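Report on the following structure.
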Amino acid sequence: MSELSVNHLLGIKYLNENDMNLIFETADHFKEVINRSIKKVPSLRDITIANLFFENSTRTRLSFELAEKRLSADVINFSAASSSVKKGETLIDTVNNILSMKVDMVVMRHPNPGAGVFLSKNVKASIVNAGDGAHEHPTQALLDTYSIREKFGDVAGKNVVIVGDILHSRVALSNIFALKLLGANVKVCGPKTLIPKFIESLGVQVETNLRTALQWCDVANMLRVQNERMAINYFPSTREYTQQFGVNKMLLDSLDKEIVIMHPGPINRGVEITSDVADSKQSIILDQVENGVAIRMAVIYLLASKIK
Numbered sequence: 299m300s301e302l303s304v305n306h307l308l309g310i311k312y313l314n315e316n317d318m319n320l321i322f323e324t325a326d327h328f329k330e331v332i333n334r335s336i337k338k339v340p341s342l343r344d345i346t347i348a349n350l351f352f353e354n355s356t357r358t359r360l361s362f363e364l365a366e367k368r369l370s371a372d373v374i375n376f377s378a379a380s381s382s383v384k385k386g387e388t389l390i391d392t393v394n395n396i397l398s399m400k401v402d403m404v405v406m407r408h409p410n411p412g413a414g415v416f417l418s419k420n421v422k423a424s425i426v427n428a429g430d431g432a433h434e435h436p437t438q439a440l441l442d443t444y445s446i447r448e449k450f451g452d453v454a455g456k457n458v459v460i461v462g463d464i465l466h467s468r469v470a471l472s473n474i475f476a477l478k479l480l481g482a483n484v485k486v487c488g489p490k491t492l493i494p495k496f497i498e499s500l501g502v503q504v505e506t507n508l509r510t511a512l513q514w515c516d517v518a519n520m521l522r523v524q525n526e527r528m529a530i531n532y533f534p535s536t537r538e539y540t541q542q543f544g545v546n547k548m549l550l551d552s553l554d555k556e557i558v559i560m561h562p563g564p565i566n567r568g569v570e571i572t573s574d575v576a577d578s579k580q581s582i583i584l585d586q587v588e589n590g591v592a593i594r595m596a597v598i599y600l601l602a603s604k605i606k
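In the numbering used here, the protein residues as written are 299 to 606.
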């Protein structure tokens, strides 16, 4: 059996092309499983997984939990808001206490970049990064690139534009790594204040005109503005942002080709995309959600097979 080159999923930058393809092939199998009448497989009956969320999450947490239960793993859910972290307990102590309950794998979302890497060096468990600050969100990038592969048959050579708040987005960074690894052409588009200075060093072009970007691309991945990560104003008003970088049906219909619209969620309807775009036949947003469960099943299954 092929196996991953890594023992943890800390970020896309630690994966190679073979890892990506193995995850996708495994997800193909699990996608078939979750569309059966009996959606569970007994693959991980002897594995215990702890979901540690130190930051709010709805879709990612539910998607991981569903993936784990579909694989018949035992699941522990941990929410930092109602835990001893509030009493000053350190991250390592928190995790070691959980691991002493014989947990094999930890899925963690944390506000600090690098928290997963730090943990992987200090505790004996397989770590899956479910988002660390504005750094990486590897399973989101895997499900996004998997959805593009499903739609077009291949990711190589496709033109993908990531639109919106690139500066604060872990989804953007992980997507750039994943898309470049699989041979896609990538541009970013958004207000200059929300585009990081280093972005071109990742082999990505910057386009500040939305219409030009959409005319160029096969796929537009629309990101929300992450107001919760902003200490200052990066643009004058939401209304002005929407006028310059929001996609509505009229703009989509005015292009001389049909492009695919993606969004990692949660959607701020009427800001980055209007409802008639989000719900249109060009949108694969709900496919992304379905693929998220299959991808997370694949990641957990492949990492669990390496636990000795």
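Beta carbons: idealized from backbone N, C-alpha and C, even for Gly. All figures in this text were calculated on a predicted structure; none of them were measured in a lab.
In this structure, V459 sits near K485, with a CB-CB distance shorter than 8 Å. If you check the CB distance, I493 and L465 come in under 8 Å. Between L307 and L601, the CB-CB gap stays under 8 Å.
Between V401 and A371, the CB-CB gap reaches or exceeds 8 Å. The alpha carbon of Q542 has as its nearest neighbour, out of L553, E570, N519, the alpha carbon of E570. DSSP places Q542 inside the alpha helix (DSSP H), whose first and last residues are 536-543.
Within the segment 434-473, the complete alpha helix (DSSP H) runs of at least 4 residues fall at 436-450.
Counted as a single uninterrupted DSSP element, the alpha helix (DSSP H) harbouring G590 occupies residues 583-602. DSSP places I321 in no beta strand (DSSP E) but in the uninterrupted alpha helix (DSSP H) bounded by 315-332. Secondary structure in the segment 397-432: the alpha helix (DSSP H) runs of 4 residues or longer, each lying completely within the stretch, are 413-420 in chain order. If you draw a straight line from the Cα of V304 to the Cα of R537, it comes to about 44 Å. Judged by DSSP secondary structure, K547 falls within the alpha helix (DSSP H) whose first and last residues are 547-552. Membership of L350 in any alpha helix (DSSP H) is not indicated; the residue belongs instead to the beta strand (DSSP E) covering 346-351. Distance from the CA of G455 to the CA of D430, rounded to the nearest whole angstrom, comes to 29 Å. The residue among K547, N473, V393, T356 with its C-alpha nearest the C-alpha of L500 is N473.
Only exposed fits T510, as fewer than 16 other CB atoms lie within 10 angstroms of its CB.
Excluding the 5 residues flanking it on each side, A432 has same chain C-beta neighbours closer than 7 Å at P411, H466, S467, R468, R527, in chain order.
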